[in-house]
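Trainee:
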Amino acid sequence: MTRVALYLAIGLVLTILECSLFSFLPTEFFKPDLGIPFVIYTAFFLNPFAALATSTIVGLMQEVLSCTPAGSMLFTKVSIFIIALFMKNKLYIDSRYSFSLACSGAVLVESFLFLTISLVIQGESRDIGNVMFYAVPNAIVTGFLSLLVFSLIESLNVKYFDRH
Amino acid sequence: MKNSAVIIIAIAILAISFFVFTSTPLFIRGYTVAKTGLGEISGPLLRIAGKPADGIRYVFQNYFNLVGTKKENTDLRKKLDAYLLEYQRLSELEQENKRLKAILGLMEQRPKTMVAAHVVGEDVKNWFRCLIIDKGRSSGLAPKMPVITPKGLVGQVVECDRWVTKVMVINDTNSSVDVYVEGRNSRGILEGTGQNPLKLKYIRKNDEIEVGDKLITSGKDGIYPKGLATGIVTTINRNKPGIFAEVEVVPFNNFTRLEEVLIIKK
């Protein structure tokens, strides 16, 4: 429980820092989704209730910190959690590289899900170009950063949670 | 068993978010409460995290250029760096002073209708163009209030929490502003593209408009008051099919470098 709370807190703090402290960085072209690595990690390595709580809170927090339509980020994050849960027995994450790949894939899936619900539910097509344009750069940069996130979590595991 | 319970709860959350997305009133109310709760926690954190951002921005923009200089004459260099930093800090202060004076000038014109705010963050996704400012409902802000700087229009308030407010910038894909071409008899809709040049739509090919023309708000969209500077026309393409010309506009403000803004209370 402490472990989940700690990872969730790290994820939320990183998201807030991305929004405020690092807003001066020229990251318009590629913006990492710092919530995704935590959703994927908890879904693959921790218990499913913890992963669901993480994806819900991260989704809500990203909505608070962005102009995305209400419900959209919660929808995409929980969808990614469900997909990750089903992929748990099919996809073997044994290193930070495979974890990074899974995170990049999740960002692409998230963009696709967002576009789908925007089109199907609201008939919105104005955002399509933008979301498609940024999907790949966002996925790449999230993949790179998730390498660091994975290393951070693993080192915390070894130090404080008896995982060797 | 445990997994299936989680999946059922997850599907329930998915269904709720789906109904919220479709703006079903029953779900929107509960959802807003949850979101506001989270906003109450994140708002003060954002304001605190936004404070060192100015300092880091200052170091990033001014000092990092000096790091690569040679190590020779270290003491002398250090002194020189200190003087340079002091000088840059002073010129930064001078710039800030100028900006604040301009803001004060604007506020003095309409003292009771304007609120000054600091930009403390930006949209966590790059799909939308949104700024987060450090004033909220407690300062009397509400959605649809126009946001400006002395240079020109920034956007409009879209969501207000107690501590912070989200501002949709005019280059967001969902933004549309009714504008006039200053000094000419042409009117169009300035639409955001998500990128820097905005599109001025519904300008006929034979309308009076030239590169370098300034655009001002018409006041007819019910959100922005008349006469706010929005941008300058950079390209006009009349060689395309249809009755309308393709016009590109660069806004007066650089939205990624904004530090202070003014909100016009209605």
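For the record, the sequence lines run as chains A and B.
Using this note's numbering, the first residue of the first sequence is number 57, and each one after it goes up by one.
Using this note's numbering, the first residue of the second sequence is number 4, and each one after it goes up by one.
We treat Cβ as the ideally placed atom computed from N, Cα and C, and that holds for glycine.
Grab me the residues of GLU251 of chain B's own chain with a C-beta within less than 6 Å of its C-beta, minus the 5 sequence neighbours each way, in chain order.
Mentor: Correct list, in chain order: PRO200, THR237, THR238.
Trainee: Does the structure place the stretch 88–100 of chain A close enough to the stretch 29–41 of chain B that three or more beta carbon pairs sit under 8 Å?
Mentor: Result no; under three Cβ-Cβ pairs closer than 8 Å.
Trainee: Find the nearest neighbour of ILE51 of chain B within the set B:ILE136, B:PHE255, B:LYS147, judged by alpha-carbon distance.
Mentor: The residue with the shortest Cα to Cα distance from ILE51 of chain B is B:ILE136.
Trainee: Please list the terminal residues of the continuous alpha helix (DSSP H) segment that includes ILE138 of chain A.
Mentor: Here the alpha helix (DSSP H) through ILE138 of chain A covers 128–143.
Trainee: Which residue or residues does DSSP assign as beta-bridge partners of ARG207 of chain B?
Mentor: Answer is B:PHE247, bridged to ARG207 of chain B.
Trainee: May I ask whether a heavy atom of the ligand GTP can be found less than 8 Å away from the beta carbon of LEU171 of chain A?
Mentor: With respect to the ligand GTP, the structure shown offers nothing to examine, as it has no ligands at all.
Trainee: Mapping the DSSP letters down to three states, classify THR221 of chain B as helix, strand or coil.
Mentor: It should be noted that the sequence gives Ser, not Thr, for residue 221 of chain B. In the structure shown, SER221 of chain B sits in coil (DSSP, three-state: anything other than H, G, I, E or B).
Trainee: Using the Cα positions of LEU64 of chain A and PHE131 of chain A, report the straight-line distance between them to the nearest angstrom.
Mentor: Near 18 Å, if we compare the C-alpha coordinates of PHE131 of chain A and LEU64 of chain A.
Trainee: Along the chain, which unbroken stretches of the beta strand (DSSP E) at least 3 residues long are found entirely within the stretch 109–172 of chain B?
Mentor: Runs found: 117–125, 133–136, 149–151, 156–163, 168–172.
Trainee: What residues of chain A sit near MET148 of chain B, judged by a beta carbon separation below 8 Å?
Mentor: Correct list: empty, because the minimum Cβ distance to chain A is about 15 Å.
Trainee: Should VAL165 of chain A and SER128 of chain A be called a contact, given that it needs their Cβ atoms to be closer than 9 Å?
Mentor: Taking 9 Å as the Cβ cut-off, VAL165 of chain A and SER128 of chain A do not qualify as a contacting pair.
Trainee: Just verifying my parser: in three-state terms, what is the DSSP assignment at HIS220 of chain A?
Mentor: At HIS220 of chain A the pLDDT is 47, less than 50, meaning the model places this residue with poor confidence; the figure from the coordinates comes in the next sentence. HIS220 of chain A: coil per DSSP, three-state reduction.
Trainee: Alpha carbons only, please: which of B:LEU218, B:SER178, B:THR152 is nearest the one belonging to GLU262 of chain B?
Mentor: Nearest of B:LEU218, B:SER178, B:THR152 to GLU262 of chain B, Cα basis: B:THR152.
Trainee: Can you say whether ASN188 of chain B is buried or exposed, counting buried as having 16 or more other CB atoms within 10 angstroms of its CB?
Mentor: Flag for ASN188 of chain B reads exposed.
Trainee: Would you identify the three-state DSSP class for ILE226 of chain B, choosing helix, strand or coil?
Mentor: ILE226 of chain B falls in the coil class under three-state DSSP.
Trainee: Between MET117 of chain A and chain B, is the shortest Cβ-Cβ distance under 9 Å, so that the two count as touching?
Mentor: It does: the Cβ of MET117 of chain A has a partner Cβ on chain B nearer than 9 Å.
Trainee: Within 10 angstroms of the Cβ of ALA8 of chain B, are there 16 or more other Cβ atoms? Answer buried if so, exposed if not.
Mentor: Answer is exposed; the Cβ neighbour count stays below 16.
Trainee: Can you have a look at LEU265 of chain B and say buried or exposed, based on whether 16 or more other CB atoms are within 10 angstroms of its CB?
Mentor: Classification of LEU265 of chain B: buried, given that the 10 Å Cβ count is 16 or more.
Trainee: Between the stretch 198–212 of chain B and the stretch 164–172 of chain B, do at least 3 Cβ pairs fall closer than 8 Å?
Mentor: Not touching, per the Cβ criterion.
Trainee: With a threshold of 6 Å on Cβ separation, who are the neighbours of GLY115 of chain A within its own chain once the five nearest residues in sequence on each side are excluded?
Mentor: Only MET129, LEU130, LYS133 meet the Cβ criterion.
Trainee: Might you give, ordered along the chain, the residues of its own chain that have their beta carbon closer than 8 Å to the beta carbon of ILE31 of chain B, omitting 5 neighbours on each side?
Mentor: Contacts found: VAL23.
Trainee: State yes or no: is the C-beta of LYS87 of chain A within less than 9 Å of the C-beta of ASN194 of chain A?
Mentor: Cβ distance < 9 Å, so LYS87 of chain A and ASN194 of chain A count as in contact.
Trainee: Tell me which same chain residues have a C-beta within less than 6 Å of the C-beta of SER141 of chain B, skipping the five on either side of it?
Mentor: Excluding sequence neighbours, SER141 of chain B sits near ARG165.
Trainee: Starting from the Cα of TYR190 of chain A, find the closest Cα among A:LYS146, A:SER160, A:PHE101, A:CYS75 and give me that residue.
Mentor: When only C-alpha atoms are compared, the closest one is A:SER160.
Trainee: Strictly below 7 Å CB to CB, what residues from chain A border VAL23 of chain B?
Mentor: Within 7 Å Cβ-Cβ: ALA126, GLY127.
Trainee: Quick one, which residues of the stretch 145–173 of chain B are near chain A if we go by CB-CB under 7 Å, in chain order?
Mentor: For the stretch 145–173 of chain B, which is checked against every Cβ of chain A, the residues closer than 7 Å are VAL161, LYS169, MET171.
Trainee: Helix, strand or coil for ASN1 of chain B per DSSP?
Mentor: Because chain B here runs from 4 to 269, residue 1 of chain B falls outside it and cannot be looked at.
Trainee: Where does THR176 of chain B sit, in a helix, a strand or coil, going by DSSP?
Mentor: THR176 of chain B: coil per DSSP, three-state reduction.
Trainee: With 9 Å as the threshold, decide whether the Cβ of TYR190 of chain A is near any Cβ in chain B.
Mentor: Yes, TYR190 of chain A counts as interfacial toward chain B.
Trainee: The alpha helix (DSSP H) that contains GLY161 of chain A, what's its start and end?
Mentor: Note, GLY161 of chain A: alpha helix (DSSP H), 152–173.
Trainee: Taking 9 Å as the CB-CB limit, is GLU84 of chain A close to chain B?
Mentor: Yes, GLU84 of chain A lies at the interface with chain B (some Cβ there is under 9 Å from its Cβ).
Trainee: Smallest Cα separation from VAL182 of chain B: which of B:ILE11, B:LYS217, B:GLU162, B:SER221?
Mentor: Among B:ILE11, B:LYS217, B:GLU162, B:SER221, the Cα nearest to that of VAL182 of chain B is on B:SER221.
Trainee: Going along the chain, which unbroken runs of the alpha helix (DSSP H) with 4 or more residues stay wholly within the stretch 58–95 of chain A?
Mentor: The qualifying runs are 58–75.
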